[in-house]
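Chemist: Take this structure first; my questions come after.
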Amino acid sequence: NDLANLPLSNDFMDDMKPLLLTIIAGFQDYCGNTDIASKYHSMFFSIKETKKAIDIEWQCVIEDNFKLIPLRVHKCNNRLSQLNTFLTTLNCNEILENAWLQWATLIEHNFNQSSIKDINIALSAIKCYIIASTFTTNIKCNIIIARILWLLTYDDNKYTLLRAFENCNFIFSDIWLPQMLNIFVEKNIKAIVKIISKIGQWYPQQMYLILNRMYLTEKMNKTMETMPPANTLSYDVRKKTYQMLKIDKIKQMMTLLQKYNLGITQLDYFVDQITSLGESWDEELRRKLYECLYLSYDFAFENKNLNVRVPREISNFIKTIIISFVAEDVNTIQLQMKKTFLVPDYLSVCYPFFKQKFSLDFSFASVPTIKLMINQLRKWIKYIENKSNYPSRFVHHFRCPTIHQFDWSVIRIPSDHYIDDFSEAVRIHNFSGHVHLIDKNGTVVKQLSIRGTDGHIYTYNVSKGQGIESEDRIFQLFRVANSYLLDFNS
6 NDLANLPLSN
16 DFMDDMKPLL
26 LTIIAGFQDY
36 CGNTDIASKY
46 HSMFFSIKET
56 KKAIDIEWQC
66 VIEDNFKLIP
76 LRVHKCNNRL
86 SQLNTFLTTL
96 NCNEILENAW
106 LQWATLIEHN
116 FNQSSIKDIN
126 IALSAIKCYI
136 IASTFTTNIK
146 CNIIIARILW
156 LLTYDDNKYT
166 LLRAFENCNF
176 IFSDIWLPQM
186 LNIFVEKNIK
196 AIVKIISKIG
206 QWYPQQMYLI
216 LNRMYLTEKM
226 NKTMETMPPA
236 NTLSYDVRKK
246 TYQMLKIDKI
256 KQMMTLLQKY
266 NLGITQLDYF
276 VDQITSLGES
286 WDEELRRKLY
296 ECLYLSYDFA
306 FENKNLNVRV
316 PREISNFIKT
326 IIISFVAEDV
336 NTIQLQMKKT
346 FLVPDYLSVC
356 YPFFKQKFSL
366 DFSFASVPTI
376 KLMINQLRKW
386 IKYIENKSNY
396 PSRFVHHFRC
406 PTIHQFDWSV
416 IRIPSDHYID
426 DFSEAVRIHN
436 FSGHVHLIDK
446 NGTVVKQLSI
456 RGTDGHIYTY
466 NVSKGQGIES
476 EDRIFQLFRV
486 ANSYLLDFNS
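Numbering (my numbering), first residue to last: 6 to 495.
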């Protein structure tokens with residue numbers, strides 16, 4: 006209380022006023038006086054001098070500072086000439102960064118505690134986080150973007166929160182790029198074009214590869230959908246319409262990146278080379294059977310009983326496999342051309358018999374028990390594995406004849422989720438001569454070895470399995486965690 010009652014007159018040292026205001030605001034917030042703490046924070050960031058600084062509207066202060074963001078250069082270079090409206094004692098990045106983060110945390114805390122979620126309060130918190138991102142380092146920027154992503158989940162139908170990014174040059178963290186792009190795809194406003202253009206200038210390759218994966222995933226989901234019961238037909242029509250709009254939106258984003266970045270042409274060729282290493286029909290069938298088997302194991306474990314009936318989720322999964330496998334009409338020569346390695350193909354010879362037998366084995370007159378389903382799945386997996394002859398590696402040139410005839414030096418190493426910041430400029434020098442095959446939970450993963458321009462060897466996995474997506478998220482978390490361990494020796 007004695008500290009809070011100190012006079013803030015002109016006689017008080019000017020270089021100590023900002024620090025004193027920050028301390029007082031922290032004490033007031035700790036004591037539960039959030040309104041008074043907000044006013045002291047507004048005094049700290051006040052641009053115009055006033056005799057009654059305690060009456061400053063804190064939202065107006067945020068707006069005044071937020072409008073200055075387009076004037077700042079990326080990473081706040083030459084700050085002394087562009088931020089002269091701030092107090093001279095606040096020219097230290099660390100003070101500004103911590104102060105804006107503290108204020109944003111305070112506003113977000115008030116937003117969380119209120120029973121009625123005021124969108125304007127969340128908008129103020131996001132603007133404080135955006136302002137803080139212009140002063141902070143890449144490490145703390147990860148925290149800022151994480152908080153912003155969480156606040157964006159409370160956005161309204163008018164996209165009030167998302168529009169805050171339209172006219173500001175904030176420092177974006179590439180770690181959260183997949184999550185941010187998922188949010189952008191869900192929205193349908195013109196501001197998205199500006200935001201995508203800005204972020205695309207910093208991370209064009211990562212954005213394009215993520216969008217390409219999203220596009221292929223949505224196309225696959227659309228193709229693999231089964232017909233629902235008649236009572237859910239109207240819902241299915243709405244779902245398909247939404248899915249088509251989502252696919253079109255992803256395609257528009259990819260076209261937008263191609264328009265502003267010439268390096269995307271080389272990325273297209275890189276994606277084509279990766280696509281040529283896709284799954285053959287037996288690899289795809291084996292992977293889906295394993296996924297269905299794991300679902301059956303989980304269901305049996307949860308119910309502690311093998312005699313329970315198969316749930317609708319697993320039944321629909323099996324129907325999807327039957328439709329995609331049995332409905333495909335491909336001759337033996339085309340099947341062998343899909344093979345990514347040159348080995349004796351005993352499975353493709355039995356392909357017509359496989360289609361007929363598979364449909365009979367999984368066409369049940371009534372809903373089967375989970376035990377019967379598990380036995381059928383294990384029988385088919387064992388049969389495919391006994392007939393297949395997968396090598397441990399194959400020659401890359403066999404499947405991609407032009408892989409060694411192209412200049413890859415314009416493309417960054419795609420597996421940069423686990424590369425340190427100092428090697429961000431590492432690009433592809435060449436590919437190794439062999440592709441290694443790794444079995445991960447029933448999925449045949451093609452592992453490429455890429456030599457970077459720094460001389461090191463990097464690996465890149467090509468797969469359609471769900472486990473690969475999980476690995477990407479794990480690497481994402483590792484990268485966030487590593488940013489906190491840079492100051493430690495072990």
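Beta carbons: idealized from backbone N, C-alpha and C, even for Gly.
Could you work out which residue in ARG314, PHE306, SER397 is closest to LYS532 when comparing CA atoms only?
Modeler: The requested residue 532 does not occur in the structure, where the chain is confined to residues 6 to 495.
Chemist: Note down the Cα distance separating LEU300 from LYS254, rounded to an integer number of angstroms.
Modeler: 32 Å
Chemist: Which residue marks the beginning of the beta strand (DSSP E) containing VAL440, and which one marks its end?
Modeler: Segment 439-445, the beta strand (DSSP E) holding VAL440.
Chemist: Run through DSSP, which three-state label would THR280 get?
Modeler: THR280 falls in the helix class under three-state DSSP.
Chemist: Smallest Cα separation from ILE121: which of CYS133, ILE135, TYR159, CYS146?
Modeler: The option with the nearest alpha carbon to ILE121 is TYR159.
Chemist: In whole angstroms, give me the CA-to-CA distance for ILE479 and ILE455.
Modeler: Going by the C-alpha atoms only, they are around 21 Å apart.
Chemist: As a quick exercise: from ALA486, PHE483, LYS469, pick the residue whose alpha carbon is nearest that of GLU223.
Modeler: It is LYS469.
Chemist: For VAL331, collect the residues of the same chain with a Cβ closer than 6 Å to its Cβ; drop the 5 residues on either side in sequence, then sort them by chain order.
Modeler: LYS360, SER364
Chemist: Quick one: grab the DSSP three-state call for TRP121.
Modeler: Sequence inspection shows Ile at residue 121; the Trp mentioned does not correspond to that position. Correct three-state label for ILE121: coil.
Chemist: Assuming TYR395 contacts LEU442 (C-beta within less than 8 Å), just tell me the rounded distance between them.
Modeler: Right, their Cβ atoms sit about 6 Å apart.
Chemist: Can you check which of these residues, ARG218, ASN187, LYS362, VAL315, is closest to SER371 by C-alpha distance?
Modeler: VAL315
Chemist: Would you kindly work out how many angstroms separate the C-alpha atoms of ILE375 and ILE328, rounded to a whole number?
Modeler: 21 Å
Chemist: Helix, strand or coil for ASN308, going by three-state DSSP, please let me know.
Modeler: ASN308 carries a helical assignment under DSSP once its states are collapsed to helix, strand and coil.
Chemist: Give me the DSSP bridge partner(s) of ILE131.
Modeler: ILE131 is not bridged to any residue.
Chemist: Is DSSP giving ILE479 helix, strand or coil here?
Modeler: helix
Chemist: Can you check whether the CB of LEU166 is closer than 9 Å to the CB of ILE131?
Modeler: yes
Chemist: List the endpoints of the continuous alpha helix (DSSP H) containing LYS203.
Modeler: 196-207
Chemist: Can you give the Cα-Cα distance for ILE135 and TRP108, rounded to whole angstroms?
Modeler: 12 Å
Chemist: Could you tell me how far apart the beta carbons of ASN217 and MET259 are, in whole angstroms, since I believe they sit closer than 8 Å?
Modeler: Cβ-Cβ separation between ASN217 and MET259: approximately 7 Å, consistent with a contact (criterion under 8 Å).
Chemist: Three-state secondary structure (DSSP) at PHE367?
Modeler: coil
Chemist: If you compare alpha carbons, which of VAL276, CYS297, VAL313, TYR302 is closest to ASN321?
Modeler: Measuring C-alpha to C-alpha distances from ASN321 to each of VAL276, CYS297, VAL313, TYR302 identifies CYS297 as the nearest.
Chemist: Is TYR465 near LEU482, with beta carbons less than 9 Å apart?
Modeler: no
Chemist: Which parts of the stretch 389-413 are runs of the beta strand (DSSP E), unbroken and 3 residues or longer, counting only runs that do not cross its ends?
Modeler: 398-400
Chemist: In this structure, how does DSSP classify SER329 when only helix, strand and coil are distinguished?
Modeler: helix
Chemist: Would you decide whether HIS401 is buried or exposed? Buried here means 16 or more other CB atoms lie within 10 Å of its CB.
Modeler: buried
Chemist: With DSSP run on the structure shown, which of helix, strand or coil describes PHE436?
Modeler: strand
Chemist: Give the range of the beta strand (DSSP E) segment to which VAL467 is assigned.
Modeler: It spans 462-467 - the beta strand (DSSP E) in which VAL467 sits, taken as one unbroken run.
Chemist: To the nearest angstrom, how far is it from the Cα of LYS145 to the Cα of ASN391?
Modeler: Near 52 Å, if we compare the C-alpha coordinates of ASN391 and LYS145.
Chemist: Less than 9 Å separating the beta-carbons of TYR208 and GLY447?
Modeler: no
Chemist: Looking at LEU214 and the ligand SAH, is the gap between the Cβ and the nearest heavy atom below 8 Å?
Modeler: This structure lacks the ligand SAH; in fact it carries no ligand of any kind.
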